[in-house]
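Each step along the sequence shown adds one to the number in the working numbering, with nothing skipped, and position 202 is 215.
Heads up, the thing below is written out as structure tokens.
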Amino acid sequence: MATLHSITCKEALNRVSGKGPYQYDLNAYRGCEHRCVYCFARYSQNYLLPKGEGSFFEDVFIKENIVERLERRLRSRSWKGEIINLGGVTDSYQPIEATRKLMPDILRLLIRYKNPITLSTKSVLPLRDLDLFAELSRLTFVGLDASVTTTDPNLARILEPGAPSPAARLAMLGEFVRHTNASVGVHSMPVIPYITDSDPQLTQLMLATREIGAHYWLPGTLNLRGTATRSAFFRCVGQHFPHAKQPLSVLYADGSLDRDYKVQLYKRIQALSLLHGVSTDYRCQLRQWQEKNRYDQLSLY
Ligand code: SF4
Numbered sequence: 014m015a016t017l018h019s020i021t022c023k024e025a026l027n028r029v030s031g032k033g034p035y036q037y038d039l040n041a042y043r044g045c046e047h048r049c050v051y052c053f054a055r056y057s058q059n060y061l062l063p064k065g066e067g068s069f070f071e072d073v074f075i076k077e078n079i080v081e082r083l084e085r086r087l088r089s090r091s092w093k094g095e096i097i098n099l100g101g102v103t104d105s106y107q108p109i110e111a112t113r114k115l116m117p118d119i120l121r122l123l124i125r126y127k128n129p130i131t132l133s134t135k136s137v138l139p140l141r142d143l144d145l146f147a148e149l150s151r152l153t154f155v156g157l158d159a160s161v162t163t164t165d166p167n168l169a170r171i172l173e174p175g176a177p178s179p180a181a182r183l184a185m186l187g188e189f190v191r192h193t194n195a196s197v198g199v200h201s202m203p204v205i206p207y208i209t210d211s212d213p214q215l216t217q218l219m220l221a222t223r224e225i226g227a228h229y230w231l232p233g234t235l236n237l238r239g240t241a242t243r244s245a246f247f248r249c250v251g252q253h254f255p256h257a258k259q260p261l262s263v264l265y266a267d268g269s270l271d272r273d274y275k276v277q278l279y280k281r282i283q284a285l286s287l288l289h290g291v292s293t294d295y296r297c298q299l300r301q302w303q304e305k306n307r308y309d310q311l312s313l314y
């Protein structure tokens, strides 16, 4: 059980750049009890902890005034209704959310302002708020994704010891497919060389995506640039996957993934996704929503 800390924030939203479809993110918490061995957000709250003390997994900070700060932003004249990503450096539905319940109030606000969102989680707790997601998805764009890096529950217990089983995460997505208008996807990030990257493993993820009726499957590669992430990850590899330690250290010799491996991986992914009829186009539903919005705007004139 993590140590909990109450904090306040000046702003609810952070401007972000990058390839994602959103321009802002909101992190109701700092720290995360899902304890994924490859988590690259570990460094992100060093400034909140005394030097050398505490950790991203053991100290969870709760932004007590997040709802009030979000409302102030959403009602300001300068706010143009951009897409907000709920999470980014933490999981909005990590275990503490079960009792602190910040997300329902955040979702009610987003419903009131009809504000589009994206959210990716390793939890099944979004099911508690299914009605709120369903309501928001009838008003605007909602992208709801679960991160599932393997369908093997034993492997998942090693890689993501604090998260529910992959089967439970997939079942949750199935409920969102059936009961909301959300764009629903499976994020397999990261695909870990020599551990979760074989053709049968990737195929299992694609078949699971297809079976629940999700709109897309989005893989991503492992990022080992932070020193803390790299050393924790290799400790886990040494303990549980000794066969992969040496080849992984070659692939990540300079901190980023070897280019040739990456090219080959994406070639395999493309071939397998074509073979199994699984889309990797995570923007498809978003484009449809944007086109519909444009059409609605034009019809007003
Ligand atoms: S769920 Fe995300 S933020 Fe939480 S430990 Fe895992 S990778 Fe890190």
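We put the CB at the ideal spot given by N, CA and C, even for glycine.
The model shown is predicted, which means the values in this text are computed figures rather than measured ones.
What first and last residue would you give for the beta strand (DSSP E) that runs through residue i?
| i | result |
| --- | --- |
| ALA54 | It is not in any beta strand (DSSP E) - ALA54 carries neither H nor E in the DSSP assignment. |
| THR16 | 16-20 |
| ASP72 | 72-76 |
| LEU140 | Note, LEU140: premise wrong, no beta strand (DSSP E); not H, not E. |
| ASP38 | 37-39 |
| ASN194 | First-last for ASN194: undefined, no H or E at that position. |
Select from the options the residue whose C-alpha is nearest the C-alpha of residue i.
| i | options | result |
| --- | --- | --- |
| TYR37 | THR131, LYS280, VAL190, ARG170 | THR131 |
| ASN306 | ALA181, ASN128, THR222 | ASN128 |
| LEU145 | GLY187, THR193, ARG223, ALA111 | THR193 |
| MET14 | TYR42, HIS47, ARG82, LEU39 | HIS47 |
| ILE171 | MET219, ARG182, PHE246, GLU148 | PHE246 |
| ARG323 | LYS23, GLN259, GLU95 | Because the chain in this structure spans residues 14 to 314, residue 323 falls outside the shown range and cannot be described. |
| LEU168 | VAL199, THR134, GLU84, ILE205 | ILE205 |
| SER19 | THR293, LEU62, MET202, SER286 | LEU62 |
| TYR42 | GLU84, LEU26, THR163, GLY31 | LEU26 |
| PRO174 | HIS256, THR293, PRO108 | PRO108 |
| MET219 | GLN283, ARG238, GLU188, TYR265 | GLN283 |
In the DSSP assignment, find the alpha helix (DSSP H) that holds residue i and state where it starts and stops.
| i | result |
| --- | --- |
| ASP144 | 143-152 |
| LEU26 | Not the alpha helix (DSSP H): LEU26 falls in the beta strand (DSSP E), residues 26-28. |
| THR112 | 110-113 |
| ASP118 | 116-125 |
| PRO166 | 166-172 |
Less than 8 Å between CB atoms is the rule here; does residue i satisfy it with respect to chain C?
| i | result |
| --- | --- |
| GLY31 | No chain C appears in the structure shown, which is made up of a single protein chain. |
DSSP three-state label for residue i, please.
| i | result |
| --- | --- |
| GLY251 | helix |
| GLN94 | Position check: residue 94 holds Gly in this sequence, whereas Gln was assumed. Coil at GLY94, not helix or strand. |
| LEU62 | coil |
| VAL155 | strand |
| TYR86 | Sequence inspection shows Arg at residue 86; the Tyr mentioned does not correspond to that position. Here ARG86 sits in helix by DSSP. |
| SER269 | coil |
| TYR295 | coil |
| SER312 | helix |
| SER286 | helix |
| TYR42 | strand |
Can you give the beta carbon distance from residue i to residue j, rounded, assuming they're within the 8 Å contact cut?
| i | j | result |
| --- | --- | --- |
| GLN298 | SER196 | 3 Å |
| TRP230 | VAL291 | 5 Å |
| GLY101 | ASN40 | 6 Å |
| LEU149 | LEU115 | Their Cβ separation, rounded to whole angstroms, is 16 Å, which puts LEU149 and LEU115 out of contact at 8 Å. |
| CYS45 | PHE74 | That pair is no contact at about 11 Å. |
| PRO232 | MET202 | 7 Å |
| LEU122 | LEU99 | Contact doesn't hold; Cβ gap of about 12 Å is too wide. |
| VAL190 | ALA227 | 6 Å |
| ALA221 | THR164 | 6 Å |
| ARG141 | VAL161 | Not really, about 19 Å apart at Cβ, beyond 8 Å. |
Item to check | Unbroken stretches of the beta strand (DSSP E), 3 residues or longer, contained in the region 197-264 | outcome: Whole beta strand (DSSP E) segments, 3+ residues: 229-234.
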